[in-house]
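A quick write-up on the structure given underneath.
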Amino acid sequence: MCEPTFLIAKTSPHFLVFYHDGYLRLSMKEFDIHGKREVHLTNSHVQVKVEGFSMEQHLWSFRDLQEYLDLHRPIDGHEFISKKLVPFIQKVGLLIAHTAKPVVTGAPSNFLMMGLDFMVTSDLQLQFIEVNNYPLWPRGTRVMDSMLTQMGNDMFDLLFDCRYNPDEFQRNMQYGARYGSWTLIWNELHSKCSGSPPYNPCQEFPL
Numbered sequence: 001m002c003e004p005t006f007l008i009a010k011t012s013p014h015f016l017v018f019y020h021d022g023y024l025r026l027s028m029k030e031f032d033i034h035g036k037r038e039v040h041l042t043n044s045h046v047q048v049k050v051e052g053f054s055m056e057q058h059l060w061s062f063r064d065l066q067e068y069l070d071l072h073r074p075i076d077g078h079e080f081i082s083k084k085l086v087p088f089i090q091k092v093g094l095l096i097a098h099t100a101k102p103v104v105t106g107a108p109s110n111f112l113m114m115g116l117d118f119m120v121t122s123d124l125q126l127q128f129i130e131v132n133n134y135p136l137w138p139r140g141t142r143v144m145d146s147m148l149t150q151m152g153n154d155m156f157d158l159l160f161d162c163r164y165n166p167d168e169f170q171r172n173m174q175y176g177a178r179y180g181s182w183t184l185i186w187n188e189l190h191s192k193c194s195g196s197p198p199y200n201p202c203q204e205f206p207l
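Read in order, the letters of the sequence shown are residues 1 to 207 in the UniProt record's numbering.
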């Protein structure tokens with residue numbers, strides 16, 4: 001299970017959405033379609049009950065997954081993170097962000113964080129599972145402590161700048177630009193971001 005993070009930083013006077021790489025939660029047991037609960041649910045509170053559980057082995061970064069694929073799936077797993085995983089989850093995240101737009105429209109100080117859960121199948125397909133607002137992250141591992149510290153510091157500065165230095169922020173933050181560890185993936189003032197997000201699952205997966 002992989003969980004990236006999205007930030008609706010601002011809705012007025014224009015809509016700003018940022019993306020941040022997430023982490024992966026692995027099952028500590030090899031997959032078996034007839035297996036018990038701990039085989040199918042990667043939640044940490046379930047996996048911790050597995051004998052030999054290690055939080056470091058349970059939580060991976062996106063880089064960890066790519067290194068694993070480069071070693072064990074060098075053909076179909078080549079550039080999986082950058083070419084397939086991230087572009088797909090950004091499309092889904094944008095669709096959900098636009099759906100959530102009315103929720104955070106209002107006070108200029110409003111913002112919304114979303115954690116999206118995706119399952120990565122054995123043939124490297126991606127299945128969207130659910131979305132959580134203001135997700136909780138496990139701490140205490142190399143991957144999580146490094147990611148969360150940087151993500152939190154950058155988010156605080158980002159939210160401050162887009163409100164209190166709006167002109168400079170807009171000049172520097174064009175579509176696709178990075179603010180620390182965050183990437184701007186939707187800015188209504190940019191020509192590429194006019195109208196609705198360029199993804200409709202009903203069109204991509206017709207009945």
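Quick reminder that beta carbons are idealized off the backbone N, C-alpha and C, glycines included.
Residue of the options minimising C-alpha distance to residue i
i: Ile185; options: Glu3, Lys10, Met1, Asp123; result: Lys10
i: Arg139; options: Phe169, Thr149, Ala100; result: Thr149
i: Pro135; options: Phe88, Ala100, Asn165, Met113; result: Met113
i: Phe6; options: His98, Met173, Asp145, Pro102; result: His98
i: Thr141; options: Arg25, Glu130, Leu16; result: Arg25
i: Asn133; options: Phe62, Val103, Asp145; result: Val103
Close beta carbons around residue i, own chain, < 7 Å, minus the five adjacent residues each side
i: Gln127; result: Phe118, Met119, Thr121
i: residue 208; result: Residue coverage of the chain in this structure runs from 1 to 207, which leaves residue 208 outside it and unanswerable.
Supposed close pair residue i, residue j - CB separation, criterion 8 Å
i: Tyr23; j: Leu59; result: 6 Å
i: Met199; j: Leu95; result: Looking at the sequence provided, one finds Tyr at residue 199 rather than Met. So it is a contact: roughly 5 Å between Cβ atoms.
i: Gly77; j: Leu124; result: 6 Å
i: Ser12; j: Pro108; result: 6 Å
Cut-off 6 Å between Cβ atoms - residues of its own chain near residue i, not counting five sequence neighbours on either side
i: His14; result: Glu188, Leu189
i: Asp154; result: Gly180, Ser181, Trp182
i: Phe88; result: Leu126
i: His40; result: Note that His40 scores a pLDDT of 46, beneath 50, so its modelled location is shaky; the value from the coordinates is reported in the next line. Cβ neighbours of His40 beyond the five flanking positions: none.
For residue i, the first and last residue of its enclosing alpha helix (DSSP H)
i: Asn132; result: Careful: Asn132 lies outside any alpha helix (DSSP H), inside the beta strand (DSSP E) at 126-133.
i: Phe62; result: 62-72
Residue i beta carbon near the ligand ZN (any heavy atom closer than 7 Å)
i: Arg171; result: Annotation note on the ligand ZN: not contained in the displayed structure, which lists no ligands.
For residue i: DSSP bridge partner residues
i: Asn187; result: Leu16
i: Tyr164; result: Answer is none; Tyr164 lacks a bridge partner.
Limits of the beta strand (DSSP E) - the one that residue i falls within
i: Pro102; result: Careful: Pro102 lies outside any beta strand (DSSP E), inside the alpha helix (DSSP H) at 86-104.
i: Asp76; result: Looking at the DSSP string, Asp76 is not in any beta strand (DSSP E), and its letter there is neither H nor E.
i: Met1; result: Run containing Met1: none; DSSP gives neither H nor E here.
i: Gly115; result: 112-120
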